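Since the structure comes first, as structure tokens, the remarks are kept for the end.
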Ligand code: KIV
Ligand code: ZN
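Numbering (our numbering), first residue to last: 1 to 515.
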């Protein structure tokens, strides 16, 4: 395989992924995800949209400062010079920086969104890329709504962007409208008609509105694209972006038809998927390809029989290849600190000494309540610990009276900015009673948009992971909490979301930008 067959993986979980309603992440969480992405071996991390808010700027800056020279850190910018300068400022400390600038080129976007004439858009393409290229060597240009763009106009804009210094040309399927054959035709046309096309790397950025984001991205690669923009778990605007784990595993599994390589360490995929799911509160559906709980489960007798005889009768890739390993250590209430640390290592977690101690204490509490402690339980404990951090509002205790004979009543204790507070409330059900109690103790008035319970393992003693989505003033956040008691998990999830929402309401600048 030649280096011409290397496909760069451009991860945009921290930018397009964060644009999923409710998927906001704080600085600490973004840094953790960026570290995990670098470990995973992606080539480019799009860390945010620096002009969108101070929080985005700080995140791109912090990710840039943390990054090694193995990965390119990218910041998004519209075509205005203020956007580009802000992205440059945020990327200043990155060992390798890329400015990604974009403008819409489809008739519908130019007329109604930008209210610009095509010739003015063409001028803006040249000017924006030239300006960015005067600041950094590595400049990506995207024609937003590319797949609904007039083909002749697309050729003119791509040629202008390359002439102005763009090193990567990205053709987004912004609205998830294209089909694989059509995407191939667009890429082939650009390769045949744009005279300077060999001076830039072509890139895909496909949304999943018709469920075709991965298929379109792979079609692009087969037509000559050498960068795929994607996100962990397929997070992103509306139906999301192409899922990183799916494009990478498709390329790895079908080398016979797609002889391309990536730098991704596929054994790290499961860990990255779990981290992103926990931080964003987006539970991965059970039947999701590659990272769903059932992706390697075999239920039917015929399949199980085949698997026992030879695993590749029904498995096209091994669970180990995506980092799902058979557990060597079984944990229970007699397991000590040493075995617990070994288990953390086996699961691929690197925690600080204080975090290990905290999670170990919680593991012991859990083992007292639950006979078998599975790997998933430990992951949930760690996730809870990682997410809770040093947040201003912390769960302390919950007492609950409910049943068919009397109205549910909750007595809740919270630590609010270090001060213990207690409240007793009723509600239409136990969850309502608890949430009413929390609302009495907090300074904001959020609206509940989603309440979801997910059993971490099997059995009636399983831990529950609860996801809560809250909204206020157009800001939407998710929070998660886990516990063997579903009501305690519900309280923790609501509190996690409140902490996040308060941070968002304080920190985000009012400008509503979209990409
Ligand atoms: O979907 C899109 O077009 C984008 C661009 C900013 C690349 O996210
Ligand atoms: Zn996008």
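Cβ coordinates follow ideal geometry from the N, Cα and C atoms, glycine included. Just so we're clear, the structure is a prediction, and the values are computed from it rather than from any experiment.
Backbone CA spacing between residue i and residue j [nearest angstrom]
i	j	result
residue 500	residue 13	18 Å
residue 559	residue 227	What is shown of the chain runs 1 to 515, which leaves residue 559 out entirely.
residue 110	residue 145	10 Å
residue 7	residue 394	45 Å
residue 167	residue 59	24 Å
residue 449	residue 139	39 Å
residue 94	residue 298	45 Å
residue 126	residue 160	6 Å
residue 431	residue 490	7 Å
residue 336	residue 358	14 Å
residue 236	residue 206	10 Å
residue 373	residue 282	24 Å
residue 435	residue 344	33 Å
residue 480	residue 165	45 Å
residue 380	residue 342	17 Å
residue 99	residue 77	7 Å
residue 363	residue 375	11 Å
residue 222	residue 458	42 Å
residue 433	residue 295	37 Å
residue 225	residue 286	31 Å
residue 169	residue 86	21 Å
residue 72	residue 155	27 Å
residue 333	residue 325	22 Å
residue 278	residue 129	37 Å
residue 257	residue 383	38 Å
residue 199	residue 190	12 Å
residue 118	residue 195	21 Å
residue 409	residue 421	17 Å
residue 248	residue 264	7 Å
residue 407	residue 310	57 Å
residue 339	residue 114	60 Å
residue 348	residue 361	19 Å
residue 262	residue 90	28 Å
residue 52	residue 143	19 Å
Classification of residue i by the beta-carbon crowding that lies within 10 angstroms, buried from 16 upward
i	result
residue 512	In this predicted model, residue 512 has a pLDDT of only 32, less than 50, meaning its place in the structure is not dependable; the value taken from the coordinates is given anyway. Burial call: exposed.
residue 26	buried
residue 15	buried
residue 243	buried
residue 304	exposed
residue 308	exposed
residue 302	exposed
residue 192	exposed
residue 532	Since the first residue of the chain shown is 1 and the last is 515, residue 532 is not available in this structure.
residue 404	exposed
residue 509	Below a pLDDT of 50, predicted positions are generally treated as unreliable, and residue 509, at 39, falls in that range; the measurement from the model is reported next regardless. With fewer than 16 other Cβ atoms within 10 Å, it is exposed.
residue 330	exposed
residue 46	buried
residue 131	buried
residue 300	exposed
residue 208	buried
residue 353	exposed
residue 323	buried
residue 316	exposed
residue 83	buried
residue 75	buried
8 Å Cβ shell around residue i - same chain, five flanking residues per side excluded
i	result
residue 444	472, 498, 501, 502, 505
residue 484	366, 369, 370, 461, 462, 463, 464
residue 260	1, 5, 6, 7, 221, 251
residue 475	24, 501, 504, 505, 508
residue 447	470, 471, 472
residue 270	291, 322, 323, 324
Neighbourhood of residue i by C-beta distance below 7 Å, restricted to the same chain and skipping five residues each side
i	result
residue 18	24, 25
residue 186	147, 171
residue 252	266
residue 273	232, 233, 245, 284, 291
residue 306	313, 314
residue 39	268
residue 453	464, 466, 486
residue 31	62, 63, 66
residue 22	281, 469, 476, 477, 478
Own chain residues within Cβ distance below 6 Å of residue i, not counting five before or after
i	result
residue 591	The shown model of the chain, from 1 to 515, leaves out residue 591, and the question about it has no answer.
residue 180	215, 216, 219
residue 488	398
residue 423	412, 437, 440, 441
Test: residue i CB closer than 8 Å to a CB of chain D
i	result
residue 450	Among the chains in the structure shown there is no chain D, since it carries only a single protein chain.
- In the stretch 123-177, which residue ranges form an unbroken alpha helix (DSSP H) of at least 4 residues, counting only runs that do not cross its ends? 151-163
- Item | Entirely enclosed beta strand (DSSP E) segments - the stretch 206-237, minimum 3 residues | 227-230
- Task: Can you check the stretch 271-335 for any alpha helix (DSSP H) of at least 4 residues that lies completely inside it and give the ranges in chain order?
- Result: 301-309
- Task: Taking only runs that begin and end inside the stretch 2-90, name each unbroken alpha helix (DSSP H) of 4 or more residues, in chain order.
- Result: 27-40, 54-66
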